[in-house]
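**Q** Pasting a structure below so you can have a look.
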Amino acid sequence: MGGLGSELESLGSEMGSLSSELGSPGTEMGSLGGCMNFVRSAESLDLERVSVDSERRLVIFSGGTAFNSCARLMTEESLLKVSYVLPVSDDGGSTSEIIKCLGGPAVGDIRSRCVQLSADTDSETLAVKEILGHRLCSDSLQAAEDEWYSVLDGSHTLWTSVAKPYRETILAFLGHFRIQLRDKQFDFRNGSVGNFFLSGARCFFNSLEAATLILARVLRMDEGVRVLPAISTEKQVALVAELEDGTLLHGQNLISHPGGKTGESTVETLPSKIRKIFYNGAERYPKPNPAVIDCLASSDSIIYSMGSLFTSIAPTLALRGVGDIISEKAVPKIVILNATLDRETRWSNGEMKASDVVLAIAEVLTEAMVCRIPRRAYSPRDFVTTLIVPEGGEIDVDVGRLAQLGITDVIPVATALGAEQVLYREDHLVECLRELTKT
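In our numbering, the protein residues as written are 51 to 489.
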């Protein structure tokens, strides 16, 4: 069992401490031409950066999917201590069904990142990863419900390589999730077993942070990695996007990929550019999870991951005081530019350029600041120092405008052609990040 017993025994005291803290149970790079005097290649970084053989603390603002392929590679360097800040505002897929019945914050992105970061040390941990990463069938309501009950009673083939301590730990929280659904109509089709586990643990502890700690332990995540909900709340949170034509779009799913709950989306072009993103409710910019503030305060580098700009990255930034801390930190602040445009960055008569992405990040951070002007004028460089761009990506890298904003550290990284689009080469991107964060 590789020490799982002792880990679970020590969990009680850790949970007590946690409860006390919480207080409750298009333009290709070849066209950049003469601007290459300040656009650097990733290969040149080792000539300009000095490696420091000491622990480095990174904070990565990220959604639950886009950075997953790189997250595992980041753990291979023991000196990197990474804290991932993820949104809890998703309202699509199986998450929408959980929220409809139980309320509370969205858990899907948290689960996705934790599963990706799980240990692959033996057949049992791989089996646990498969269970918590498994989705029930989507054929019919009855078939999905039948599969769910086979998971609950232990007869599902997924349990074959899982010994009793692991099995009972997971089933305890799945069982609690089932109890919460009593007398409720729940659609199990395409449901995530990991989401059910995390929701059961959240309801049991009345804390998403406590549930995330349990999930991390069960998956045997590296102790140098933390996965943090952006907001510490047990209530549902929802996003609002304000377009330049005055239109208001409510909810992540409607903003990003309106469509059916099973994942089939109709990607309609937005009528105009997104002007602003904020949370629905009395507080447009709520307080962040205190652990996020602590991690930012001690961070050596800050990274804004690729992903949906307004529904994955912005929700982790549109929080009171986050911009204040980031603006005062004299550390690398790195944006990873998406390789493709999407519904959020392209509208009926235009599309975002690289400088627009930088400005959008700076603006959401400034809007949520506690101590804004007139103390001093903030510039995009206070929030972004470096831009990583994909070779051959769809987004126009307008280096002239970037230079006007103070962003002259622009680094192209190799890409590969995926099934439908250009993608970063994961090993090249991770190596670039490692070099940039050696300060």
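Glycine included, C-beta positions come from ideal geometry on N, C-alpha and C.
1) Is the beta carbon of A288 sitting closer than 8 Å to the one on I305?
2) If you count every other CB in all the chains shown that lies within 10 Å of the CB of L298, and 16 or more means buried, which is it?
3) For the beta strand (DSSP E) containing R107, name the first residue and the last one.
4) Taking the beta carbon of Y474 as the centre, do at least 16 other beta carbons fall within 10 Å, making it buried, or is it exposed?
5) Between the segment 116 to 135 and the segment 374 to 385, are three or more C-beta pairs nearer than 8 Å?
6) Can you tell me where the beta strand (DSSP E) holding L269 begins and where it ends?
7) Please state whether DSSP places S101 in a helix, a strand or coil.
8) Less than 8 Å separating the beta-carbons of L136 and G154?
9) In whole angstroms, what is the alpha-carbon distance linking L395 and A261?
10) Taking only three categories from DSSP, how would you classify H226?
11) Once you ignore the five residues that flank C151 on each side, which residues in its own chain have a CB closer than 7 Å to its CB?
12) Please go through the same chain and pick out, in chain order, the residues whose beta-carbon is closer than 6 Å to the beta-carbon of S69, but skip the five residues on each side of it.
13) Out of curiosity, what's the CA-to-CA distance linking E180 and L483?
14) Please list the segments of the alpha helix (DSSP H) lying wholly inside the segment 402 to 460, counting only runs of 4 or more residues, in order along the chain.
15) Do you know offhand how far A332's Cα is from A280's?
16) In three-state DSSP terms, what is F117?
17) In terms of residues, what are the limits of the alpha helix (DSSP H) holding P308?
18) Is A389 near G443, with beta carbons less than 8 Å apart?
19) To the nearest angstrom, how far is it from the Cα of V102 to the Cα of V243?
20) Using 8 Å as the threshold, is the segment 358 to 375 in touch with the segment 404 to 420, meaning 3 or more CB pairs across them?
21) Tell me, please, which residues DSSP counts as bridged to L293.
22) In the DSSP assignment, find the alpha helix (DSSP H) that holds P338 and state where it starts and stops.
23) Can you give me the C-alpha to C-alpha distance between V449 and V463, rounded to a whole angstrom?
24) Are there 16 or more other CB atoms within 10 angstroms of the CB of E413, so buried, or fewer, so exposed?
**A** Inspection of the coordinates gives the following:
1) I305 sits away from A288, with the two beta carbons spaced by 8 Å or more.
2) L298 counts as exposed, since fewer than 16 other C-beta atoms from the protein chains shown sit within 10 angstroms of its C-beta.
3) For R107, the enclosing beta strand (DSSP E) has its first and last residue at R106 to F111.
4) Burial call: buried.
5) With fewer than three CB-CB distances shorter than 8 Å, the segment 116 to 135 does not count as touching the segment 374 to 385.
6) Premise fails: L269 is in no beta strand (DSSP E) and is neither H nor E.
7) Bear in mind that the predicted position of S101 carries a pLDDT of just 43, short of 50, making it too unreliable to give a figure here.
8) Against a cut-off of 8 Å, the Cβ pair of G154 and L136 comes out as no contact.
9) Here residue 395 turns out to be Thr, not Leu, going by the sequence shown. Linking T395 to A261 through their CA atoms gives a straight-line distance of about 34 Å.
10) Helix.
11) Correct list, in chain order: L231, K234 and F236.
12) Note that S69 has pLDDT 41, beneath the 50 cutoff, so the model's placement of it is unreliable and the number below is only indicative. Closer than 6 Å at the Cβ level, and outside the excluded window around S69, lies no residue.
13) Cα to Cα, E180 sits roughly 29 Å from L483.
14) The segment 402 to 460 contains these whole alpha helix (DSSP H) runs: 404 to 417 and 449 to 454.
15) Cα to Cα, A332 sits roughly 18 Å from A280.
16) In the structure shown, F117 sits in coil (DSSP, three-state: anything other than H, G, I, E or B).
17) Taken as a continuous stretch (DSSP letters only), P308 belongs to no alpha helix (DSSP H), as it is neither H nor E.
18) With respect to G443, A389 sits close: the two C-beta atoms are nearer than 8 Å.
19) Note that V102 has pLDDT 45, beneath the 50 cutoff, so the model's placement of it is unreliable and the number below is only indicative. If I take the Cα positions, the gap works out to 41 Å.
20) Touching, yes.
21) Looking at the DSSP output, L293 sits in a beta bridge with I324.
22) P338 -> no alpha helix (DSSP H), and no H or E assigned at all.
23) One C-alpha to the other measures close to 16 Å.
24) With 16 or more Cβ atoms within 10 Å of its Cβ, E413 is classed as buried.
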